[in-house]
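Chemist: Pasting a structure here, questions to come.
Residue numbers (the UniProt record's numbering): 1 to 743.
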């Protein structure tokens with residue numbers, strides 16, 4: 001269905017329903033019927049304003065694509081989300097038209113559904129107006145506004161005050177494939193319940209236990225859930241997000257994940273002592289360079305890693321490797337069985353860096369898909385548990401990753417690897433570390449990896465505005481306020497908190513848990529039995545219901561801002577402003593932190609890079625612009641964009657067919673690296689850029705870096721994932737067709 005047909009269908013269904021309910025507004029349905037009439041009328045008003053804006057984007061957004069065969073950028077994504085919202089409204093409107101005469105039809109419930117999507121459409125309209133400003137002010141083909149002041153600050157100010165709760169209630173995850181929406185709803189319910197109890201308990205055990213008894217009211221009250229979700233994302237610090245994301249590290253959840261994942265022969269946690277060692281130079285193997293142990297911020301310390309191998313290979317059960325093993329409090333992680341036969345060393349090693357916003361998770365959370373990869377690829381995998389912010393900000397994580405990479409090369413015989421070929425792979429923050437580790441390898445002159453596979457990588461850690469970053473207004477996994485806290489922590493701008501022993505936290509929480517047990521269970525049952533709950537709570541009422549107190553000194557006022565929108569339109573506003581403290585220090589422009597800002601000389605030293613991005617990911621524009629920059633300096637690069645999936649889909653790979661297919665795209669990209677016949681690129685030497693200090697802000701002018709011309713005739717191969725453009729021009733995974741697109 002083309003855009004004109006979509007809007008025509010929307011006008012028709014809204015007008016027809018408005019006419020019907022206006023005739024019965026004074027009847028038995030009363031106020032609920034009038035709410036439906038008002039909502040249908042407002043939806044039509046928003047649609048009439050949106051239609052010409054969308055047509056304007058459709059005429060120009062192809063200029064921002066990586067190439068004609070991979071039509072993806074933030075402008076396309078915003079239009080797709082608006083279209084998706086309108087299709088949901090049409091579907092709901094037709095349901096109302098079909099069932100409104102039934103005695104079982106719940107007028108108030110359906111009015112609430114339509115109001116939620118009307119609110120979402122209003123906020124999306126505001127985002128398109130902001131995207132219009134970006135389109136007007138940016139240079140041709142450039143997706144980023146290359147200053148942190150001016151327009152970027154204006155966008156942050158609008159984000160801080162715009163209402164976001166409507167996207168986290170009834171409309172939660174509407175833009176994604178239906179198969180993962182139940183999972184996103186579960187995450188949202190767990191998040192708000194966890195947040196309600198976070199300030200009352202100090203240990204994860206106490207928070208998780210209390211959250212169980214308070215989650216019921218959020219499961220059945222979407223308005224309350226949306227309001228609470230917005231409050232939590234706006235006001236809680238990075239330590240809360242670190243605690244919440246690390247729930248997957250607990251013994252119970254990790255054991256459940258282990259039981260359902262591929263069984264491997266080797267799964268051993270390693271702790272490598274911080275001992276300097278020498279590696280030969282690529283330019284002259286007779287010369288060596290010393291690889292120093294990581295030491296930034298906290299001094300020298302062991303580097304944590306995890307070796308995963310589907311088969312037991314020579315060296316993986318050696319005494320030298322076993323001496324490096326660390327206990328995780330569980331059973332022996334090396335499965336030998338009855339004299340397991342050893343396989344010969346693999347020619348390939350996959351070095352993996354996990355995601356988690358630089359602040360959370362370890363390889364343990366990513367075990368399920370890593371085990372599957374080890375089986376599918378037939379190679380050992382070394383996953384690095386790098387140091388996390390805010391306790392260890394930049395550049396400590398990079399130091400850990402580079403040291404682990406070099407240690408693997410030096411000690412390949414312990415890993416079941418011949419030492420011949422190596423590929424780096426990572427997602428999100430790990431994708432960033434794959435690229436920066438390769439940059440550091442080039443600066444040291446040691447051997448480079450044979451290729452990089454980066455899934456939805458964070459490549460630009462500045463506050464520059466882009467159309468895809470506008471998606472953070474309603475992304476349930478990557479809200480801008482949360483993203484800003486993670487990046488500020490990695491940049492070293494987050495205050496540390498006093499550490500308390502786990503035993504004392506558990507003792508304190510046990511008393512609170514017993515006190516809350518009866519009250520929590522009673523409230524949960526009462527919320528289930530209340531017959532009037534769904535009928536009496538409106539969106540405005542839910543916004544005033546909060547369980548987390550605002551920061552001290554903050555008043556519930558909405559500040560007046562310069563007008564960003566046409567006269568007569570104003571988006572919905574939150575009652576309180578979000579806390580937005582973005583890191584603006586020169587360190588965020590260091591190319592070892594933001595590789596997109598690296599000078600051409602550093603980019604030319606990189607190995608072939610395969611980027612796997614998500615069309616609905618706020619980080620999409622990072623990948624598109626980085627691919628353009630690599631192409632402009634004649635570096636081998638491919639870009640694949642999967643449709644209808646959120647940031648972090650690898651961690652959801654076992655939940656649906658769509659996420660499994662997207663994960664297979666990453667596997668196929670790694671195979672492309674394994675199968676390539678070209679020799680690695682000769683490393684570029686740029687030692688003057690190796691030190692990560694504040695002088696990095698002079699390394700490149702962002703305006704010049706982003707303004708490189710688009711070379712449409714230099715098309716690259718994008719194969720292996722079954723990638724086809726959908727009706728809106730976005731690239732999607734269609735493995736069932738097994739179609740490749742070759743440029």
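Just so you know, even glycine gets a beta-carbon here, dropped at the ideal spot from N, CA and C.
Taking three-plus beta-carbon pairs below 8 Å as touching, is the stretch 482-491 in contact with the stretch 345-359?
Modeler: Touching, yes, given that three or more Cβ pairs across the two stretches are closer than 8 Å.
Chemist: For the beta strand (DSSP E) that contains residue 428, what are its first and last residues?
Modeler: As a working note, residue 428 is residue 428 in the chain shown. Premise fails: residue 428 is in no beta strand (DSSP E) and is neither H nor E.
Chemist: Keeping to the same chain, check which residues put their C-beta closer than 7 Å to that of residue 324; ignore five residues upstream and five downstream.
Modeler: As a working note, residue 324 is residue 324 in the chain shown. Result list for residue 324: 270, 271, 272, in chain order.
Chemist: Okay, do the stretch 418-437 and the stretch 452-460 touch, 3+ Cβ pairs below 8 Å being the bar?
Modeler: Touching, yes, given that three or more Cβ pairs across the two stretches are closer than 8 Å.
Chemist: Just mark residue 444 as buried or exposed, buried being the case when its beta carbon has 16 or more other beta carbons within 10 Å.
Modeler: As a first step, residue 444 is located in the chain shown; it is residue number 444 there, counting from the start. Classification for residue 444: buried.
Chemist: Does the stretch 653-670 come close enough to the stretch 399-409 that 3 or more CB-CB pairs lie under 8 Å?
Modeler: Because the criterion of three Cβ pairs below 8 Å is not met, the stretch 399-409 and the stretch 653-670 do not touch.
Chemist: With a threshold of 6 Å on Cβ separation, who are the neighbours of residue 303 within its own chain once the five nearest residues in sequence on each side are excluded?
Modeler: Translated into positions along the chain shown, residue 303 becomes position 303. Once the five neighbours on either side are set aside, the close Cβ partners of residue 303 are 272, 400, 403, 404.
Chemist: Measure the beta-carbon distance from residue 377 to residue 343 and round it to whole angstroms, keeping in mind my assumption that it falls under 8 Å.
Modeler: Reading the chain shown from its first residue, position 377 is the one you call residue 377. Reading the chain shown from its first residue, position 343 is the one you call residue 343. About 14 Å; that fails the 8 Å criterion.
Chemist: At what residue ranges does the stretch 560-620 contain a whole run of the beta strand (DSSP E), taking only runs of 3 or more?
Modeler: 609-614, all fully within the stretch 560-620.
Chemist: Between the beta-carbon of residue 595 and the beta-carbon of residue 439, is there less than 8 Å?
Modeler: Position 595 of the chain shown, counting from 1, holds the residue named residue 595. Position 439 of the chain shown, counting from 1, holds the residue named residue 439. Their beta carbons are under 8 Å apart, which means residue 595 touches residue 439 by this criterion.
Chemist: Do you know whose CA, among 347, 618, 328, lies nearest residue 255's CA?
Modeler: Here residue 255 refers to the residue found at position 255 of the chain shown. Cα-wise, what sits closest to residue 255 is 328.
Chemist: By DSSP, does residue 459 sit in helix, in strand, or in coil?
Modeler: Position 459 of the chain shown holds residue 459. In the structure shown, residue 459 sits in coil (DSSP, three-state: anything other than H, G, I, E or B).
Chemist: With a 10 Å radius around its C-beta and 16 neighbouring C-beta atoms as the bar for buried, classify residue 113 as buried or exposed.
Modeler: Here residue 113 is taken as the residue at index 113 of the chain shown, counted from 1. Flag for residue 113 reads buried.
Chemist: Taking the C-alpha atoms as reference points, what is the distance between residue 144 and residue 654?
Modeler: In the chain shown, the residue the question calls residue 144 occupies position 144. In the chain shown, the residue the question calls residue 654 occupies position 654. Computed Cα separation, rounded: 34 Å.
Chemist: What first and last residue would you give for the beta strand (DSSP E) that runs through residue 466?
Modeler: As a working mapping, residue 466 is identified with position 466 in the chain shown. From DSSP, residue 466 is part of no beta strand (DSSP E); its letter is neither H nor E.
Chemist: Could you check if residue 74 is buried or exposed, using at least 16 other CB atoms within 10 Å of its CB as the buried criterion?
Modeler: Looking up residue 74 in the chain shown gives position 74. Under this definition residue 74 is a buried residue.
Chemist: Could you tell me whether the Cβ atoms of residue 297 and residue 390 are closer together than 8 Å?
Modeler: Here residue 297 corresponds to residue number 297 of the chain shown, with the count starting at 1. Here residue 390 corresponds to residue number 390 of the chain shown, with the count starting at 1. No, the Cβ-Cβ distance between residue 297 and residue 390 is not below 8 Å.
Chemist: Residue 569 and residue 614: beta carbons closer than 8 Å?
Modeler: Here residue 569 corresponds to residue number 569 of the chain shown, with the count starting at 1. Here residue 614 corresponds to residue number 614 of the chain shown, with the count starting at 1. Not closer than 8 Å, so no.
Chemist: Return the chain-ordered list of same chain residues with a C-beta closer than 6 Å to the C-beta of residue 257, the five sequence neighbours on each side being excluded.
Modeler: Counting from one through the chain shown, the residue named residue 257 turns up at place 257. Here the set comprises 368.
Chemist: Should the stretch 59-66 be regarded as contacting the stretch 620-628, the criterion being three or more beta carbon pairs within less than 8 Å?
Modeler: Taking 8 Å as the limit for Cβ pairs, the verdict is that the stretch 620-628 does touch the stretch 59-66.
Chemist: Using a C-beta cutoff of 8 Å, does residue 398 count as contacting chain C?
Modeler: Given the protein chain composition of this structure (a single chain), no chain C is represented.
Chemist: Near residue 230, which residues of its chain fall below 7 Å by C-beta distance, leaving aside the five closest residues on each side in sequence?
Modeler: The sequence position of residue 230 within the chain shown is 230, counting from 1. Contacts found: 164, 165, 168, 574.
Chemist: Using only CA atoms, which one of 429, 220, 224, 441 lies nearest to residue 290?
Modeler: What you label residue 290 is simply residue 290 of the chain shown in a count that begins at 1. With distances taken between Cα atoms, residue 290 lies closest to 441.
Chemist: Span of the beta strand (DSSP E) holding residue 279?
Modeler: Locating residue 279 in the chain shown gives position 279, counting from the first residue. Here the beta strand (DSSP E) through residue 279 covers 277-280.
Chemist: Using a threshold of 8 Å, state whether the C-beta atoms of residue 307 and residue 380 are closer than that.
Modeler: Residue 307 sits at position 307 when you count from the first residue of the chain shown. Residue 380 sits at position 380 when you count from the first residue of the chain shown. Contact: yes.
Chemist: Quick check on the DSSP output: the alpha helix (DSSP H) that includes residue 268 runs from which residue to which?
Modeler: Locating residue 268 in the chain shown gives position 268, counting from the first residue. Premise fails: residue 268 lies in the beta strand (DSSP E), 266-272, not in any alpha helix (DSSP H).
Chemist: Give the secondary structure of residue 419 by DSSP, where H, G and I count as helix, E and B as strand, and everything else as coil.
Modeler: By 1-based counting over the chain shown, the position of residue 419 is 419. Of the three classes helix, strand and coil, the one that applies to residue 419 here is strand, per DSSP.
Chemist: Under 8 Å: do the stretch 56-63 and the stretch 114-123 share three or more Cβ pairs, one atom per stretch?
Modeler: No, the stretch 56-63 does not touch the stretch 114-123.
Chemist: State the Cα-Cα distance for the pair residue 685 and residue 605, rounded to the nearest angstrom.
Modeler: Residue mapping note: residue 685 aligns to position 685 of the chain shown, counting from 1. Residue mapping note: residue 605 aligns to position 605 of the chain shown, counting from 1. With a pLDDT of 42 at residue 685, under the threshold of 50, the predicted position of this residue should be treated as unreliable, though the coordinate-derived value follows. Roughly 8 Å separates the two Cα atoms.
Chemist: Take residue 300 and list the residues in its own chain whose beta-carbon comes closer than 8 Å to its own, dropping the five residues that flank it on each side.
Modeler: In the chain shown, residue 300 corresponds to position 300, counting from 1. Within the same chain, residue 300 has close Cβ partners 274, 293, 294.
Chemist: Can you give me the C-alpha to C-alpha distance between residue 591 and residue 599, rounded to a whole angstrom?
Modeler: Indexing the chain shown from 1 puts residue 591 at position 591. Indexing the chain shown from 1 puts residue 599 at position 599. C-alpha separation (whole angstroms): 8 Å.
Chemist: Quick one: what's got a C-beta closer than 8 Å to residue 565's C-beta in the same chain, skipping five residues either side?
Modeler: Numbered from its first residue, the chain shown carries residue 565 at position 565. Excluding sequence neighbours, residue 565 sits near 126, 129, 571.
Chemist: Residue 427: which of 619, 267, 155 sits nearest, CA to CA?
Modeler: For the purposes of this step, residue 427 is identified with residue 427 of the chain shown, where counting begins at 1. Ranking 619, 267, 155 by Cα distance to residue 427 puts 619 first.
Chemist: Could you check if residue 99 is buried or exposed, using at least 16 other CB atoms within 10 Å of its CB as the buried criterion?
Modeler: Translated into the one-based positions of the chain shown, residue 99 becomes position 99. Per the 10 Å Cβ criterion, exposed.
Chemist: Taking DSSP as the reference, what is the three-state secondary structure of residue 306?
Modeler: Working through the chain shown from its first residue, we reach residue 306 at position 306. Looking at residue 306 - three-state DSSP - the assignment turns out to be strand.
Chemist: From residue 717 to residue 81, what distance separates their C-alpha atoms?
Modeler: Taking the chain shown and counting its residues from 1, the one referred to as residue 717 is at position 717. Taking the chain shown and counting its residues from 1, the one referred to as residue 81 is at position 81. Per-residue confidence for residue 717 stands at a pLDDT of 29, beneath the threshold of 50, marking its modelled position as unreliable; no derived number is given.
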